[in-house]
Amino acid sequence: MADTTPTVIERREYKYLIDARTADGIRAAIQPFCELDPWARSPARRYTIDSLYFDTSDLRLFWANDHELVDRFKLRIRGYPEVDGGPLFFEVKRRVNDVIWKTRGKVPRDRWSELICDPSSSIPEAIGGKDRAAVERFVALARTLRVRPFTLVRYHREPYFSRIDDYARVTFDFNIRAHVMNEPSFEVTPRGWRALDDAVTQRTLESMIVLELKFTSAVPIWLVDLVERFDLRRRSFSKYGTSIRAFYEPPTTRAARLVGGWR
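Each residue of the sequence shown is one higher than the one before, counting from 1 in this note's numbering.
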């Protein structure tokens, strides 16, 4: 019998805002421990990610994140636009304190919108096993909360994974931009994009890069050394939260916040 329990990815995820010079130093420092993700093995050494974020009409999920509730989650549909005709992934990303749990289910690109637009539609039979369980969870939450799309966030990711640990990743996210969305679609007008990592939005001297360190409960020693060597300071940076603030909040009130914990 096929396993119908959704795969739950459990990890810690720490974020830092860094400049280009620091990013160059970190790339060099992780070479003995990491290698480039195979999906990014192109001349550009990165891939593009689209994340369509959903929320309630009163932005309940945004405010839970903004107020840093101990237990909160996000609903998003993720795609990779450089993979022509590739599937989309229905994701529920839950955070309890510093622990992340994520479920992710694959849906054919030509079948996803009906699950969002039509409350009576059923999940296609072609979606089975762990994918089906994850999609069922997403759809149940989306329909119960009556969510709708709010923003599409697109960015480039340069990803590395550890060759010596069971699970550890280092990613650099840049050219982060967002588009207001009122309908479930990944089609947008080019002039509607707004940068999220630029100097004006972040109130910094130059555009910033979002560094993410991801690992399980045990922190690899080389990651600890990395944080100390480059004097990294954790920042609260939510791509969805920043996108909502960029469109609906006065620029003078926007700023990344320090986060307690590991540096």
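Backbone N, C-alpha and C fix where the C-beta goes; we use that ideal spot for every residue, glycine too.
These figures come from a predicted structure and were not determined experimentally.
Beta-carbon proximity list for residue i, same chain, < 6 angstroms, skipping 5 on both sides
{"i": "D165", "result": "P220"}
{"i": "M1", "result": "Residue confidence for M1 is low, a pLDDT of 45 falling below 50, so the modelled location carries little weight; the figure read from the coordinates is stated next. For M1, where only same-chain residues beyond five positions count, there are no Cβ hits under 6 angstroms."}
{"i": "G260", "result": "Because the pLDDT of G260 is 49, which lies under 50, any placement of that residue in the model is unreliable, and the number read from its coordinates should be weighed accordingly. Taken in chain order, the list of residues that qualify is empty."}
{"i": "R254", "result": "A caution first: R254 carries a pLDDT of 48, below 50, which makes its placement in the model too unreliable to give a value."}
{"i": "G192", "result": "H179"}
{"i": "R94", "result": "F73, W101"}
{"i": "L258", "result": "With a pLDDT of only 47 at L258, under 50, the local geometry of the prediction cannot be trusted, and the value read off the model is given with reservation. Excluding positions up to five away in sequence, the list is empty."}
{"i": "R12", "result": "D98, F215"}
CB contact flag (residue i, residue j, <8 angstroms)
{"i": "S51", "j": "K239", "result": "yes"}
{"i": "R45", "j": "E158", "result": "yes"}
{"i": "A23", "j": "F172", "result": "yes"}
{"i": "V139", "j": "L115", "result": "yes"}
{"i": "F33", "j": "R163", "result": "yes"}
{"i": "A142", "j": "F54", "result": "yes"}
{"i": "L211", "j": "I49", "result": "no"}
{"i": "V180", "j": "F237", "result": "no"}
{"i": "I123", "j": "R132", "result": "yes"}
{"i": "F90", "j": "A134", "result": "yes"}
{"i": "G85", "j": "R109", "result": "yes"}
{"i": "L92", "j": "L75", "result": "Note that residue 92 corresponds to Val in the displayed sequence, not to Leu. Yes; because the gap between Cβ atoms is below 8 angstroms, this pair is in contact."}
{"i": "F230", "j": "I77", "result": "no"}
Range covered by the alpha helix (DSSP H) that runs through residue i
{"i": "G25", "result": "20-30"}
Candidates the options: closest to residue i by CA position
{"i": "S185", "options": "F33, I9, C117", "result": "C117"}
{"i": "A178", "options": "Y167, T151, R169, A168", "result": "T151"}
{"i": "V96", "options": "E183, V147, A64", "result": "A64"}
{"i": "S121", "options": "R111, P6, I176", "result": "R111"}
{"i": "A168", "options": "V224, L145, R229", "result": "V224"}
{"i": "I209", "options": "K15, P149, P119, I77", "result": "K15"}
According to DSSP, residues forming a beta bridge with residue i
{"i": "I154", "result": "According to the sequence as given, residue 154 is Arg; it is not Ile. Bridge partners of R154: D50, R177."}
{"i": "S217", "result": "Beta-bridge pairing links S217 to no other residue."}
{"i": "I9", "result": "K102"}
{"i": "R194", "result": "A178"}
{"i": "R95", "result": "R72, I100"}
{"i": "T312", "result": "Since the first residue shown for the chain is 1 and the last is 263, residue 312 is missing from the structure and cannot be characterised."}
Boundaries of the beta strand (DSSP E) in which residue i is found, first to last residue
{"i": "E114", "result": "First-last for E114: 112-117, but that is the alpha helix (DSSP H), not the beta strand (DSSP E)."}
{"i": "R137", "result": "That residue, R137, is in no beta strand (DSSP E); its alpha helix (DSSP H) goes 129-145."}
Own chain partners of residue i with C-beta closer than 8 angstroms, once the 5 adjacent residues on each side are dropped
{"i": "L59", "result": "F150, I244"}
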